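A.B. asks:
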Amino acid sequence: MNLFEKIFSYQLASRLEETATYTLTSQERAWLKMMLEQPAAASALEETTLHKIADCLLEEEIPHLQNALVEKAGAADGQTYSPLLRPLRRIMRRRQSMMIQRLNKHGQLIAPQYGVPWKLEFSMARREWYLLWYNLRTRAAMTTRLVHIQSLEEQSLPEEQYEPICQRMQEICTVERQEAVIQLLPIYNMELTRILHAFSCFDKRVEFAEDEQTYYIHLNFAANESEYMLNRLRFLGKRVRVIQGDYLKHRMRETSMKALARYGIKVQG
Amino acid sequence: MAKESFDKEIQFLRLLALTGGNYDRQQFAGRLGISVHTFDKTIRRLKEVNGDADFADLFRYNYADSAEPVLLFLYRAKSMKESETRRLPVILTALKQEPMTAASLLDVCDEQLVDSAAAPPDEKTIRSDLRYLEEIGVICREPGGRPYRYRLNNDLTDCLSREELIELYEFVDIMANTQIPSVQGYLLRDNLKKALKATSSEQLEDSWQEEWREPFSYRYHYDARILDEAHLYTLLRMIREQRYISFQYYTPSRKRSYTAQNTNPLFSRASEPRRQHMLPLRVVYDHQYGRWYLLGTTRGGRIVKFRMDGIVDIIAEEEADKLLFDEYVSRLDERTRYSWLVDTSRTVTVRARFFKPLPPQNDFIQERVRMQGQWGCITEEDQYSFIYEIQVNGYTEIRPWLRSFGSSCEVLEPAPLRESLIEEWKELMNDYESV
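Here the protein sequences line up with chains A and B, keeping their order.
Under my numbering, think of the first position of the first sequence as 599, with each following residue one higher.
Under my numbering, think of the first position of the second sequence as 188, with each following residue one higher.
1. Pull up the DSSP beta-bridge partners for His464(B), would you.
2. For a quick check, are the C-beta atoms of Met696(A) and Leu686(A) less than 9 Å apart?
3. The beta strand (DSSP E) that contains Cys654(A), what's its start and end?
4. Alpha carbon to alpha carbon, how far is Ile367(B) from Trp588(B)?
5. For Leu817(A), which residues of its own chain have a beta-carbon under 6 Å away from its beta-carbon, when the five flanking residues on both sides are left out?
6. How big is the Cα-Cα spacing for Pro681(A) and Phe720(A)?
7. Flag this pair as touching only if the region 648 to 656 of chain A and the region 341 to 357 of chain B have three or more C-beta atom pairs under 8 Å; answer yes or no.
8. In or out: Met827(A) buried (at least 16 other Cβ within 10 Å) or exposed?
9. Going along chain B, which residues have a C-beta under 7 Å from Trp629(A)?
10. For Cys799(A), which of helix, strand or coil comes out of DSSP?
11. Should Tyr861(A) be flagged as near chain B, meaning a C-beta pair shorter than 9 Å?
12. Do you know how far the Cα of Leu423(B) is from the Cα of Ala507(B)?
13. So which residues on chain A does Gly488(B) lean against when the C-beta distance must stay under 8 Å?
14. Considering only the alpha carbon of each residue, which of Leu300(B), Glu310(B), Ser270(B) and Leu339(B) lies closest to Thr623(A)?
15. Starting from Leu834(A), trace the alpha helix (DSSP H) both ways and give me its first and last residue.
16. Nearest chain B C-beta to Thr741(A) closer than 9 Å, yes or no?
17. Extract the residue ranges of the alpha helix (DSSP H) inside the region 545 to 612 of chain B, only unbroken runs of 4 or more that lie entirely within it.
18. Taking just the CA atoms, how far does Asp618(B) sit from Leu466(B)?
19. May I ask you to report which of helix, strand or coil DSSP gives Ile870(A)?
20. Taking only beta-carbon positions, decide if Val840(A) is within less than 9 Å of chain B.
21. In the DSSP assignment, what residue or residues form a beta bridge with Gly713(A)?
22. When the distance is taken between beta carbons, is Asp316(B) closer than 9 Å to Asp415(B)?
23. To which residues does DSSP link Trp479(B) through a beta bridge?
24. By the DSSP assignment, the alpha helix (DSSP H) with Ile498(B) in it spans what residues?
25. Kindly indicate if chain B contains any beta-carbon less than 9 Å away from that of Gly596(A).
26. Rounded to the nearest angstrom, how far is the Cβ of Trp716(A) from that of Leu730(A), given a contact under 8 Å?
27. If we count Cβ pairs, one from each stretch, closer than 8 Å, do we get three or more for the region 855 to 864 of chain A versus the region 402 to 409 of chain B?
28. Would you call the region 475 to 485 of chain B and the region 806 to 816 of chain A touching, i.e. three or more CB-CB distances under 8 Å?
29. On a CA-only basis, which of Thr566(B), Pro601(B) and Phe573(B) is nearest Val579(B)? Give me that one, please.
30. Counting along the chain, where does the alpha helix (DSSP H) carrying Ala673(A) start and finish?
31. Would you kindly work out how many angstroms separate the C-alpha atoms of Ala796(A) and Met788(A), rounded to a whole number?
32. For the region 658 to 672 of chain A against the region 329 to 337 of chain B, do three or more pairs of beta-carbon atoms, one drawn from each stretch, fall closer than 8 Å, so that the two count as touching?
33. Indicate whether at least one CB of chain B lies closer than 9 Å to the CB of Met697(A).
34. State the Cα-Cα distance for the pair Leu320(B) and Gly372(B), rounded to the nearest angstrom.
35. Alpha carbon to alpha carbon, what distance is there between Gln753(A) and Leu293(B)?
36. Compute the Euclidean distance between the alpha carbons of Val499(B) and Gln463(B), then round it to the nearest angstrom.
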């Protein structure tokens with residue numbers, strides 16, 4: 599299998615686009631065949647669709663990766679699909695609203711609510727799906743874990759209401775962004791790639807000060823991402839130090855004091 | 188694309204993705220082990236491929252809003268002869284209309300390529316194109332004898348209704364973004380998108396909605412992971428063939444990640460790292476960092492591990508003895524059974540107490556431990572805390588994970604791990620003393 603076939607090349611693809619022609623290779627079909635073996639496929643696609651697809655894939659051979667390819671430190675159940683995704687996407691594509699019954703964050707069942715689904719988001723860090731939606735009664739933006747949704751029912755929504763609601767959601771969800779600067783302690787310079795990997799999902803730029811032989815990582819992130827940012831900072835421990843970003847500094851100090859207290863070491867706050 | 192140029196590009200893109208593209212040219216070139224001149228050339232070439240997008244901008248994107256991996260264009264960078272980029276589209280477009288023989292395709296090419304600068308193709312060229320396209324599964328032969336008639340093999344998309352195509356597109360989007368390997372999935376996703384666009388022109392009322400292109404958002408993705416899939420299939424094939432390999436290895440902790448190959452052999456020794464020889468046995472993907480490892484043994488049977496992002500210029504060597512291969516594999520599997528990632532040192536038992544959040548907060552700590560704690564178990568639990576226990580090879584690899592819980596985790600055993608964490612928290616507290 600060669601991932602660098604000339605059929606994939608941009609030069610060719612752009613010419614083909616002029617005549618609205620596209621091509622499908624065996625390796626793409628074989629990949630699909632492999633994915634259809636996962637339990638997610640049964641909830642993502644109708645049985646008749648699955649049959650039609652399977653008929654087209656009869657001749658493809660599934661690449662045998664199972665033995666030679668090992669995944670480590672992934673999620674326990676490896677569950678990256680939710681059966682609710684399909685019904686939710688249907689409502690969203692039709693630009694309709696929904697009656698949603700869900701658990702709140704303390705795990706209590708609450709009365710059904712009327713709202714408009716806006717976005718489906720998957721967190722690679724938590725390996726979990728979230729629904730971002732607009733609550734029509736309270737006019738608030740809501741974030742609900744898909745595992746907390748008990749039931750869903752499509753409700754019709756006047757056509758002219760849909761766009762303004764989406765715009766409103768966009769406004770609410772465009773949160774303020776924060777800046778922080780993180781210094782990599784020079785004695786750990788050789789671990790640079792590992793550290794950059796840990797921050798690789800954030801918008802960043804790396805600066806190298808030749809005279810001090812020191813790396814500075816400038817990070818830009820949304821306020822609601824600071825918890826995950828802290829998780830990364832604790833993950834890396836003493837290799838990095840926040841040098842700009844008061845909230846992060848304050849939280850790191852608090853965490854280290856509390857952690858020491860767990861070990862029975864009292865520190866003057 | 189020349190092999191060397193490709194290896195250089197892959198290292199270059201990784202550096203760019205990881206740093207956000209903010210080194211100056213000199214610093215970049217120095218880290219890649221190439222001259223500033225070569226650096227500029229590489230940039231120019233990649234810009235051509237990518238339609239002149241600014242590189243720094245490319246990586247300063249709003250990651251939560253896009254499922255389209257920026258680095259995919261690496262796999263689209265193969266350069267082709269100009270005559271080929273004109274001929275193949277003519278052939279494919281013709282086959283899309285109706286099945287055709289090589290001879291009739293020759294006529295079509297003659298007609299349509301009449302004003303092209305290059306000489307019109309001969310039948311041999313057309314036949315070799317058809318052979319290639321059939322080999323990669325893009326076209327297929329119609330039943331019946333010679334002369335063979337060929338057609339475009341888009342059965343997969345042709346047999347589905349528009350609604351079904353949309354649902355397949357969304358399924359592929361999810362799987363490409365959450366599973367490994369993913370490159371073929373992203374390529375398929377692109378083609379399904381084109382298939383959907385094509386159907387919308389036929390049904391005007393139900394036009395393709397641009398907003399459907401990105402049905403889902405994915406947060407906290409490891410972008411660079413798809414670069415390493417470039418080597419994945421070569422390595423998997425070598426494992427299947429039970430074959431030794433050799434490659435140049437750039438330890439990721441070294442400053443340089445690539446060295447230009449010297450045309451003068453007199454100088455080549457000094458700049459190139461020593462070639463590594465090994466029998467590849469397993470490829471490991473680490474979800475914790477989004478990184479790939481290659482595990483195997485030396486000729487003497489010693490276990491060796493390499494980061495895949497440091498591997499350049501793989502060459503197949505001799506086949507291994509089958510019995511020996513099986514023995515090495517089972518030994519490696521045994522030795523890595525308790526590896527948090529790839530550590531094969533002595534197995535220790537780690538015990539840690541995790542503190543639950545105060546009610547009415549949901550016990551998200553326990554949820555996270557159950558989800559990410561691999562094969563470890565929760566052995567005791569009361570209303571305030573629980574004890575997690577795991578047998579693991581050394582504690583270096585599990586340490587960052589435990590530390591990421593901050594004050595919600597107290598390591599009980601082994602004592603050296605407990606002590607070292609106390610020391611580290613003290614250091615951290617001193618770092619932030621003045622806050």
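Virtual Cβ for every residue (Gly too), placed ideally from N, Cα, C.
Predicted model, so just to flag it, every value in this text is computed and none were measured.
C.D. replies: Inspection of the coordinates gives the following:
1. DSSP lists Ser433(B) as partners of His464(B).
2. It is a contact, given that the beta carbons lie within the stated cut-off.
3. Premise fails: Cys654(A) lies in the alpha helix (DSSP H), Glu645 to Cys654, not in any beta strand (DSSP E).
4. Roughly 22 Å between the two C-alpha positions.
5. Hits under 6 Å: Ala778, Phe800 and Lys802.
6. The alpha-carbon atoms of Pro681(A) and Phe720(A) are separated by roughly 14 Å.
7. Output reads yes: the region 341 to 357 of chain B touches the region 648 to 656 of chain A.
8. Met827(A) is classed as buried because its beta carbon has at least 16 other beta carbons within 10 Å across all chains shown.
9. Within 7 Å of the CB of Trp629(A), the CB atoms of chain B belong to Gln371, Gly372 and Leu375, in sequence order along the chain.
10. The answer is coil: DSSP assigns Cys799(A) none of H, G, I, E or B.
11. Taking 9 Å as the threshold, the shortest C-beta distance from Tyr861(A) to chain B falls below it.
12. Cα to Cα, the separation comes out at about 15 Å.
13. Listed along chain A is no residue with a C-beta nearer than 8 Å to that of Gly488(B); the closest approach is about 19 Å.
14. Closest option to Thr623(A), Cα to Cα, is Leu339(B).
15. It spans Ser824 to Leu834 - the alpha helix (DSSP H) in which Leu834(A) sits, taken as one unbroken run.
16. Not an interface residue.
17. 551 to 559 and 586 to 590, all fully within the region 545 to 612 of chain B.
18. Annotation: Leu466(B) to Asp618(B) spans about 45 Å, alpha carbon to alpha carbon.
19. As displayed, chain A neither begins before 599 nor continues past 867, which places residue 870(A) out of reach and without an answer.
20. Interface flag for Val840(A) against chain B is set, since a Cβ pair is found closer than 9 Å.
21. In the DSSP output, where bridge partners are listed per residue, Gly713(A) has Met696(A) and Asn733(A).
22. No, they are not a contact pair.
23. For Trp479(B), which the question treats as bridged, DSSP gives the partners Tyr472(B).
24. Unbroken run through Ile498(B) is the beta strand (DSSP E), Ile498 to Glu506; no alpha helix (DSSP H).
25. Summary: the structure shown does not reach residue 596(A), with chain A confined to residues 599 through 867, and so no result is reported for it.
26. 5 Å between Cβ atoms; contact.
27. Touching, no.
28. The region 475 to 485 of chain B makes no contact with the region 806 to 816 of chain A; the number of CB pairs closer than 8 Å stays below 3.
29. The residue from Thr566(B), Pro601(B) and Phe573(B) with its alpha-carbon nearest to that of Val579(B) is Pro601(B).
30. Counting along the chain, no alpha helix (DSSP H) covers Ala673(A), and no H or E run does either.
31. C-alpha separation (whole angstroms): 15 Å.
32. Segments in contact, no.
33. Output row for Met697(A): interface = no.
34. For Leu320(B) and Gly372(B), the distance between alpha carbons rounds to 20 Å.
35. Rounded to whole angstroms, the gap between the alpha carbons of Leu293(B) and Gln753(A) is 57 Å.
36. Straight across, the Cα-Cα distance linking Val499(B) with Gln463(B) is about 10 Å.
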